[in-house]
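Asker: Have a look at this one before I ask anything.
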DNA sequence: TAGATTGTTAATCGATTAACAATC
DNA sequence: TAGATTGTTAATCGATTAACAATC
């Protein structure tokens, strides 16, 4: 591993748009909200609601209606003035924009409680994502089946379908090595739950989720609350 | 529960600063980075490094040095021109700013894989946080001890120490009810892992973490990658 | 038509970053 | 002193929001 490059963790934005069908570059903040709209629309469609206004969507997502309209306008002009958005159609457009109509092979490495939680989670087994394997090194979990998928040894990573997305739920101490193994089998993106900053080449997309950071941020706002309540 | 009010999920910023010792209002983006600096400093102090420059910190956090200096300047002027920051002192200042020198009783509701992961996690058992109880409704987990803490029935929430922070790791279908029970026993803040938008009064702080949203955002960037690589 | 709601503009607000004087 | 590095300013960039013309 030679050309590891330190990359800003918010570096996604820094890549220039070169493709033709540019439209307007969709904002990063909007991308983070699309899954929320998706989830809400899933509920509305399931409940038989056929039309929804930006104001209703805003209420359900606890956002501002102007923000909802602006977000949705990145996808195209799919609303109908006077009545709102067709729920089923809008859901389809959001799915398409999120790339959920593609097939993303996912490998989860580190089958502790968090890995188990992800393997069993609804979101990970859903449309778009396909778990190609669960991986660990502990003899006592290898061979165990969870959520219908067997746990293999990390050394066997090359045997299974190449993952596009690697999910790291190992201890921090081995996360970098695991990232390198995932990249070696072709992973183009890493969802990292280990509390460590990974070093990867710039073409690899890393998203970090750190559960204890969330708790610390909560602590900050709690301890400063008297200042604004 | 009468005065439930829909609250913008980023509403923390909307509270006006009224206290006296205002200094400069610390930016929300900065708050989210303080735990990252904290983690890095913990490693440096543990490794015996006594001084660190903003440039070094930036490398370790994969950020821009100007951003690091700006972030740290919110806490005060703790650096020394020409040499950098004293690691141990800076760590102490960040801990203080994050409120980690306080005692935050935490209740975790929903002892599935994710709840177990949190209960066992280093970050949740660390300085500042004290788990007052683990709660569930499933008979098979009640009475079980994990990470040294017994799992109780949610109905017994009022028996234990009032939590300042409630962590919800239940299915989405019961998350709202759990939130109300947590608020009823005094929780001022909720860390919500259930994929649902909670309705709470404005004085309650909610932070949402949705693991499948992260996966969907990854999918978005993967499917748009050819546009910028 | 009248009422409702979108899509977009422009103003505003907040975050990032380069640059550099201050100073150890 | 000379070199290094901070703390802060100002420019820039990106995100939010109110407002409203367009239009169903």
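Protein chains in written order, with the numbering used here: chain A, 564 to 792; chain B, 564 to 792.
Here a beta-carbon is modelled for each residue, glycine too, at the ideal position from N, C-alpha and C.
#1: Which chain B residues are close to residue 595 of chain A, counting only those with a beta carbon under 8 Å from its beta carbon?
#2: Between the region 696 to 706 of chain B and the region 635 to 642 of chain B, are three or more C-beta pairs nearer than 8 Å?
#3: So is residue 728 of chain B in contact with chain A if we call contact Cβ pairs under 7 Å?
#4: Three Cβ pairs or more, each shorter than 8 Å: is that satisfied between the region 755 to 774 of chain A and the region 781 to 788 of chain B?
#5: Along chain B, in chain order, which residues have C-beta atoms closer than 8 Å to that of residue 691 of chain A?
#6: So within the region 645 to 709 of chain B, which uninterrupted beta strand (DSSP E) runs reach at least 3 residues, ignoring any that extend past its ends?
#7: Going along chain A in order, which residues have a C-beta closer than 7 Å to the C-beta of residue 602 of chain B?
#8: If you drop the 5 nearest sequence neighbours on each side, which residues of the same chain put their C-beta closer than 6 Å to that of residue 715 of chain B?
#9: Please confirm if residue 738 of chain B has its CB atom under 7 Å from at least one CB of chain A.
#10: Kindly give me the distance between the Cβ atoms of residue 672 of chain B and residue 733 of chain B, rounded to whole angstroms, as I take these residues to be in contact under 8 Å.
#11: Cα separation between residue 801 of chain A and residue 730 of chain B?
#12: Kindly list the residues whose CB is nearer than 6 Å to the CB of residue 751 of chain A, restricted to its own chain and excluding five residues on each side of it in sequence; keep chain order.
#13: Roughly how many angstroms lie between the CA atoms of residue 606 of chain A and residue 587 of chain A, to the nearest whole one?
#14: Beta carbons nearer than 9 Å to chain B: which residues of the region 674 to 706 of chain A have them?
#15: Please report the residue range of the beta strand (DSSP E) in which residue 768 of chain A lies.
#16: Look up residue 756 of chain B in the DSSP assignment and say whether it is helix, strand or coil.
#17: Would residue 758 of chain B and residue 602 of chain A qualify as a contact pair, given that the criterion is a beta-carbon distance under 7 Å?
#18: Using beta-carbon positions only, say whether residue 691 of chain A and residue 663 of chain A come within less than 7 Å of one another.
#19: Output needed for residue 777 of chain A: all residues of its chain with C-beta closer than 6 Å, excluding positions within five of it in sequence on either side, in chain order.
#20: Is DSSP giving residue 749 of chain B helix, strand or coil here?
#21: So with Cβ pairs under 7 Å, would you call residue 717 of chain A a contact of chain B?
#22: Quick one: what's residue 712 of chain A bridged to in DSSP?
#23: Residues in the same chain with beta-carbon distance under 6 Å from residue 651 of chain A, minus the five sequence neighbours each way, listed in chain order, please.
#24: Could you tell me how far apart the beta carbons of residue 628 of chain A and residue 617 of chain A are, in whole angstroms, since I believe they sit closer than 8 Å?
#25: Considering Cα atoms alone, identify which of A:615, A:631 and A:620 is closest to residue 594 of chain A.
#26: In chain A, what lies closer than 9 Å to residue 665 of chain B by C-beta?
#27: Note down, in chain order, each residue of its chain lying with its Cβ closer than 7 Å to the Cβ of residue 649 of chain B, except the 5 sequence neighbours on either side.
#28: Taking 7 Å as the CB-CB cut-off, is residue 588 of chain B touching chain A?
#29: Name the chain B residues whose beta carbon is nearer than 9 Å to that of residue 772 of chain A?
#30: Please report whether the beta-carbon of residue 764 of chain A lies at a distance below 7 Å from any beta-carbon of chain B.
#31: Relative to the C-alpha of residue 709 of chain B, which candidate in B:681, B:741 and B:689 has its C-alpha closest?
Answerer: Taking the coordinates as given:
#1: 776 and 780
#2: Too few Cβ pairs lie closer than 8 Å, so no.
#3: yes
#4: yes
#5: 779 and 782
#6: Qualifying beta strand (DSSP E) stretches, in chain order: 647 to 649, 667 to 672 and 692 to 699.
#7: 758
#8: 696 and 698
#9: Judged by the 7 Å Cβ criterion, residue 738 of chain B is not in contact with chain A.
#10: 6 Å
#11: Because chain A here runs from 564 to 792, residue 801 of chain A falls outside it and cannot be looked at.
#12: 727
#13: C-alpha separation (whole angstroms): 29 Å.
#14: 675, 676, 677, 678, 679, 680, 681, 682, 683, 684, 685, 686, 687, 689, 691 and 692
#15: 768 to 771
#16: coil
#17: yes
#18: Yes, Cβ-Cβ distance for residue 691 of chain A and residue 663 of chain A is below 7 Å.
#19: none
#20: coil
#21: no
#22: A:709
#23: 608
#24: 5 Å
#25: A:631
#26: 782, 785 and 786
#27: For residue 649 of chain B, where only same-chain residues beyond five positions count, the Cβ hits under 7 Å are 613 and 614.
#28: So no, residue 588 of chain B is outside the interface.
#29: 772, 774 and 777
#30: no
#31: When only C-alpha atoms are compared, the closest one is B:681.
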